[in-house]
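Engineer: One structure follows; several queries about it will come next.
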Amino acid sequence: GENVEQHPSTLSVQEGDSAVIKCTYSDSASNYFPWYKQELGKRPQLIIDIRSNVGEKKDQRIAVTLNKTAKHFSLHITETQPEDSAVYFCAANQGNTGNQFYFGTGTSLTVIP
Amino acid sequence: DTGVSQDPRHKITKRGQNVTFRCDPISEHNRLYWYRQTLGQGPEFLTYFQNEAQLEKSRLLSDRFSAERPKGSFSTLEIQRTEQGDSAMYLCASSLSMTPAYNEQFFGPGTRLTVL
């Protein structure tokens, strides 16, 4: 089965700096990679996703990059703000077959004002 | 509220008791997933439905766990003879498979189970 690893487990940055979270996956059949933000006591919310037919996707201050050859993908948050503080999870899925989603173990991001 | 809903939000039970949770997906979403999440971990897949058919179950899912989605709408997850190790947040998510944004999952607020 798929194995998703996520690093780092904790990350502290100064407000305004950038944050990068990295994930690797093992199954080359995975082709859909979502990122979720989970605030304390709340449900995971999708913040950005990428499919294997593109290498990068941006949405305002958030971007995701994908390297299919190396089987890794990364979340980039620029100009961080205190409200970005949360736990971020990456996941991998085999697209429209609907197979299970495999989640990373999460990164706790703290943005220091 | 048109999002995924779960009931109850919290459940405290004694070891050995049975519990049942309910998930109402977003209307017309044909896929429904159940996950378990413990503190400091990512969601762990339990099972998945497409319409009323249960298509996949985690090998980690013991026979004490059973899930149904009888009419392809809401789903229930039952845990029999609960154990303290079952204490966790149980999350439900739904998605629609036939849009450009297929496989985008929307999570419910979860049911927090505490087994004493």
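In the order they appear, the protein sequences are chains D and E. Here the first sequence is numbered in our numbering, starting from 1 and rising by one per residue. Here the second sequence is numbered in our numbering, starting from 1001 and rising by one per residue. Every residue, glycine too, gets a C-beta built ideally from N, C-alpha and C.
1) Which full runs of the beta strand (DSSP E) of 3+ residues lie inside the region 46-76 of chain D, going along the chain?
2) Taking only beta-carbon positions, decide if E:N1103 is within less than 7 Å of chain D.
3) Which of the three DSSP states is assigned to D:P100 in this structure?
4) Determine the DSSP secondary structure at E:D1007, reduced to helix, strand or coil.
5) Give a yes or no on whether 7 Å exceeds the smallest Cβ distance from E:P1025 to chain D.
6) Run down chain D in chain order and give the residues with a C-beta less than 7 Å from the C-beta of E:L1061.
7) Rounded to a whole number of angstroms, what is the C-alpha to C-alpha distance between D:C23 and D:A92?
8) Smallest Cα separation from D:A70: which of D:S26, D:Q6, D:T10?
9) Quick one: grab the DSSP three-state call for D:D27.
10) Using a Cβ cut-off of 9 Å, pull out every chain D residue sitting near E:Q1041, in sequence order please.
11) Could you check what DSSP says for D:P34 in three-state terms: helix, strand or coil?
12) Along the region 1045-1077 of chain E, where does the CB come closer than 8 Å to a CB of chain D? Name the residues.
13) Give the interface partners of D:R61 over in chain E, defined as CB-CB distance under 9 Å, in chain order.
14) Does the structure place the region 71-89 of chain D close enough to the region 36-52 of chain D that three or more beta carbon pairs sit under 8 Å?
15) Count Cβ pairs between the region 56-63 of chain D and the region 1013-1031 of chain E that sit closer than 8 Å; are there 3 or more?
16) From what residue to what residue does the beta strand (DSSP E) around E:R1022 run?
17) Does DSSP put D:E83 in a helix, a strand or coil?
18) Using a Cβ-Cβ cutoff of less than 6 Å, which residues in the same chain neighbour E:E1072 once the five nearest sequence positions on both sides are dropped?
Structural biologist: Reading off the structure:
1) 56-59, 62-67
2) Here residue 1103 of chain E corresponds to residue number 103 of the second sequence, with the count starting at 1. With respect to chain D, the C-beta atom of E:N1103 has a partner C-beta closer than 7 Å.
3) Position 100 of the first sequence, counted from the first residue, corresponds to residue 100 of chain D. Strictly speaking, residue 100 of chain D in this sequence is Gln, with Pro absent from that position. In the structure shown, D:Q100 sits in coil (DSSP, three-state: anything other than H, G, I, E or B).
4) Within the second sequence, the letter at position 7 stands for residue 1007 of chain E. Shown here, E:D1007 sits in a strand according to DSSP, grouped into three states.
5) Indexing the second sequence from 1 puts residue 1025 of chain E at position 25. Cβ-Cβ to chain D under 7 Å: no for E:P1025.
6) Here the question's residue 1061 of chain E lines up with position 61 in the second sequence. Residues of chain D passing the Cβ test: none, with the nearest at roughly 11 Å.
7) For the purposes of this step, residue 23 of chain D is identified with residue 23 of the first sequence, where counting begins at 1. For the purposes of this step, residue 92 of chain D is identified with residue 92 of the first sequence, where counting begins at 1. Between D:C23 and D:A92, the C-alpha separation is close to 10 Å.
8) The residue you call residue 70 of chain D lines up with position 70 of the first sequence. The residue with the shortest Cα to Cα distance from D:A70 is D:S26.
9) Position 27 of the first sequence, counted from the start, is the residue given in the question as residue 27 of chain D. Residue state, collapsed to three classes: coil.
10) Within the second sequence, the letter at position 41 stands for residue 1041 of chain E. Those within 9 Å of E:Q1041 in chain D are F103, T105, G106.
11) In the first sequence, counting from the first residue as 1, residue 34 of chain D sits at position 34. Three-state DSSP puts D:P34 in a strand.
12) F1045, Y1048, Q1050, L1055, E1056, S1058
13) For the purposes of this step, residue 61 of chain D is identified with residue 61 of the first sequence, where counting begins at 1. Correct list: empty, because the minimum Cβ distance to chain E is about 20 Å.
14) yes
15) no
16) By 1-based counting over the second sequence, the position of residue 1022 of chain E is 22. Unbroken beta strand (DSSP E) run through E:R1022: 1019-1024.
17) As a working mapping, residue 83 of chain D is identified with position 83 in the first sequence. Three-state result, D:E83: helix.
18) The residue labelled residue 1072 of chain E in the question sits at position 72 within the second sequence. In the sequence as displayed, the identity of residue 1072 of chain E is Gly instead of Glu. In chain order, N1051, E1052 place their CB closer than 6 Å to the CB of E:G1072, counting only its own chain and leaving out the 5 sequence neighbours on each side.
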